[in-house]
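*Asks:* My questions all concern the structure below.
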Amino acid sequence: MVASDGGWVALFSGGKDSSWALYRALEAGRDVRRLVAVRPPEGSHTYHAPATSVARLAARSIGIPTADAGLPTTDIEPPDLRPTPANGVEDLEPLEVALERLDDAFDGGLEGVVAGVVESEFQADRLRSLCDGLGCDFLAPLWRAEPRELATAMIDGGLGIVIVEVSAPGFDADWLGRRLDRDALADLEAIRREHGTHLLGEDGEFETIVIDGPHMTRSIALEFEREWNGEWGRLRITDARLE
Numbered sequence: 001m002v003a004s005d006g007g008w009v010a011l012f013s014g015g016k017d018s019s020w021a022l023y024r025a026l027e028a029g030r031d032v033r034r035l036v037a038v039r040p041p042e043g044s045h046t047y048h049a050p051a052t053s054v055a056r057l058a059a060r061s062i063g064i065p066t067a068d069a070g071l072p073t074t075d076i077e078p079p080d081l082r083p084t085p086a087n088g089v090e091d092l093e094p095l096e097v098a099l100e101r102l103d104d105a106f107d108g109g110l111e112g113v114v115a116g117v118v119e120s121e122f123q124a125d126r127l128r129s130l131c132d133g134l135g136c137d138f139l140a141p142l143w144r145a146e147p148r149e150l151a152t153a154m155i156d157g158g159l160g161i162v163i164v165e166v167s168a169p170g171f172d173a174d175w176l177g178r179r180l181d182r183d184a185l186a187d188l189e190a191i192r193r194e195h196g197t198h199l200l201g202e203d204g205e206f207e208t209i210v211i212d213g214p215h216m217t218r219s220i221a222l223e224f225e226r227e228w229n230g231e232w233g234r235l236r237i238t239d240a241r242l243e
């Protein structure tokens, strides 16, 4: 176990990357006391929220409270942190405020922030700078992982990953609601060879939610409808519950 006087937080969307990063941090003995999520302000280019109700259930199953980011609901998602015309500074303010509050609230203060960033230099630099300003550590356990090895580790590690949105050549409506298993990974590799799609969806080709995993006490059952417009699509979750 890692000795710690302060507490850790994990940026959490309910998607595969943030879920696996959280699991890796917990396995390493990090004292993760909050899952930090931020509901996207209307018109935000920095935050996204593909399946907030499922992320909320996942947090309950994990058993770690969700932090209050100071926005008007607990239906909240983590920062995407992609560049914006204003360099993303305004959209990062709710996250900074939430972390400052947790630094004050935790016995021993805020020790560090866990994030599921894999390849984005922009995300990593912004978060690292934010943590430096708060005087806490920044942990990115998935950083620069080889995509196929990382996807395989998630699948073999027991994550139940569901694809909830697709928006790239090579995908069709049948991908919506599909489990990301070894067969799906092989199909993704074929799409990557033909279209150059990132195997982990790092360029926004697809979004995921996690409905089961070794860090969760109960899995999530989903009912949904597919919305497809011929070029992109997403799931509309009609019911989600802990099993």
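The opening position of the sequence shown corresponds to residue 1 in the UniProt record's numbering, with each subsequent residue numbered one higher.
By construction, the Cβ of each residue, glycine as well, lies at the ideal position given by its N, Cα and C atoms.
(1) Specify the secondary structure class of Ile62 as computed by DSSP and reduced to three states.
(2) When the Cα atoms are used, what is the spatial distance from Val113 to Leu139?
(3) Identify which residue in Ala186, Asn229, Leu176 and Leu188 has its Cα closest to the Cα of Glu223.
(4) When DSSP labels each residue in this structure, what does Trp175 get in the three-state scheme?
(5) Shorter than 9 Å from the beta carbon of Pro141 to some beta carbon of chain C?
(6) What residues match up with Thr208 in a beta bridge as DSSP calls it?
(7) What are the boundary residues of the beta strand (DSSP E) that includes Gly133?
(8) Apart from the five residues on each side of it in sequence, which residues of its chain come closer than 8 Å, Cβ to Cβ, to residue 246?
(9) Would you mind working out which of Arg144, Pro147, Arg30 and Leu110 sits nearest Asp132, comparing C-alpha positions?
(10) Between Pro169 and His195, which are expected to be in contact by the criterion C-beta below 8 Å, what is the C-beta distance as a whole number of angstroms?
(11) Flag Ser18 as yes when its Cβ comes closer than 8 Å to any non-hydrogen atom of the ligand HEM, and as no otherwise.
(12) Buried or exposed, going by whether 16 or more other CB atoms sit within 10 Å of the CB of Ser129?
(13) Check Ala186 in the structure and name its three-state DSSP category.
(14) Can you tell me which of the three DSSP states Leu142 falls into?
(15) Determine which residues share a DSSP beta bridge with Asp17 and list them.
(16) Only counting the same chain, and skipping five residues up and downstream in sequence, which positions put a Cβ closer than 6 Å to that of Ala115?
(17) So, is Ala28 buried or exposed, given that buried needs 16 or more other C-beta atoms within 10 angstroms?
(18) Where does the unbroken alpha helix (DSSP H) through Arg148 begin, and where does it stop?
*Replies:* In this structure, then:
(1) Note: Ile62 maps to helix in three-state DSSP.
(2) 6 Å
(3) Leu176
(4) In this structure, Trp175 counts as helix in the three-state DSSP scheme.
(5) Protein chains in the displayed structure number just one, and chain C is not present.
(6) Ile163
(7) Note, Gly133: premise wrong, no beta strand (DSSP E); alpha helix (DSSP H) at Glu121 to Leu134.
(8) Because the chain is modelled from 1 through 243, residue 246 falls outside the range shown and cannot be assessed.
(9) Leu110
(10) The pair is a contact, with the Cβ atoms about 5 Å apart (cut-off 8 Å).
(11) The ligand content of the structure shown is nil, which means the ligand HEM is not present either.
(12) exposed
(13) helix
(14) coil
(15) Bridge partners of Asp17: none, in fact.
(16) Leu11, Leu127 and Ala140
(17) Exposed, since its Cβ has fewer than 16 Cβ neighbours within 10 Å.
(18) Taken as a continuous stretch (DSSP letters only), the alpha helix (DSSP H) holding Arg148 covers Pro147 to Asp156.
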